[in-house]
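Accompanying notes for the structure given below.
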Amino acid sequence: MSTFTEVTYISQFDIQPNGCIGVRKTTDVLKDGVVISSTFWRTVLSPSATIDADVLREPYYANLAQTAWTAEVIAAYEDAQAAAAERQNQGN
444 MSTFTEVTYI SQFDIQPNGC IGVRKTTDVL KDGVVISSTF WRTVLSPSAT IDADVLREPY
504 YANLAQTAWT AEVIAAYEDA QAAAAERQNQ GN
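In our numbering, the protein residues as written are 444 to 535.
This is the structure:
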């Protein structure tokens, strides 16, 4: 009889120059220990967002995000977002 298992893990974690973090989770379905299917889920976390426990469940990645999101990075990101919103409002 075959054994099926499912494994979910963070397969990509990219910190961008603006402080945003791209996260990709992979879910592998294994049959008798061999991957037979993979699905992917992606999101982008902004420096001004709180760390979502569902996205960064693993302490290693949560610590990386906290280290990357210094007060200076958060302030620069928020300033850039405010400037972009102001430019958009001026265009309307």
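Even for Gly, the Cβ is constructed at its ideal location relative to N, Cα and C.
*Closest by CA to residue 449, which one among 473, 500, 457 and 479?*
For the purposes of this step, residue 449 is identified with residue 6 of the sequence shown, where counting begins at 1. It is 473.
*Quick one: what does DSSP say residue 450 is sitting in, helix, strand or coil?*
Looking up residue 450 in the sequence shown gives position 7. In this structure, residue 450 counts as strand in the three-state DSSP scheme.
*Give the range of the beta strand (DSSP E) segment to which residue 488 is assigned.*
Counting from 1 along the sequence shown, the entry for residue 488 is found at position 45. Run containing residue 488: 477 to 488, per the beta strand (DSSP E) assignment.
_Per DSSP, what are the beta-bridge partners of residue 499 in this structure?_
Translated into the one-based positions of the sequence shown, residue 499 becomes position 56. For residue 499, DSSP assigns no beta-bridge partner whatsoever.
*Return the Cβ separation of residue 466 and residue 498 in integer angstroms, given the expectation that the two are a contact with Cβ distance under 8 Å.*
For the purposes of this step, residue 466 is identified with residue 23 of the sequence shown, where counting begins at 1. For the purposes of this step, residue 498 is identified with residue 55 of the sequence shown, where counting begins at 1. Indeed, because the Cβ distance is near 6 Å, the residues count as touching under 8 Å.
*Where does residue 517 fall in DSSP's three states?*
Counted from its first residue, the sequence shown places residue 517 at position 74. Residue 517 falls in the helix class under three-state DSSP.
_Per DSSP, the bridge partner or partners of residue 493_ = Position 50 of the sequence shown, counting from 1, holds the residue named residue 493. For residue 493, which the question treats as bridged, DSSP gives no partner whatsoever.
*So, is residue 462 buried or exposed, given that buried needs 16 or more other C-beta atoms within 10 angstroms?*
As a position in the sequence shown, residue 462 is number 19, starting the count at 1. Buried: at least 16 other Cβ atoms inside 10 Å.
_Delimiting residues of the beta strand (DSSP E) encompassing residue 465_ = As a first step, residue 465 must be located in the sequence shown, where it is residue number 22. 464 to 474 is the span of the beta strand (DSSP E), which, as asked, contains residue 465.
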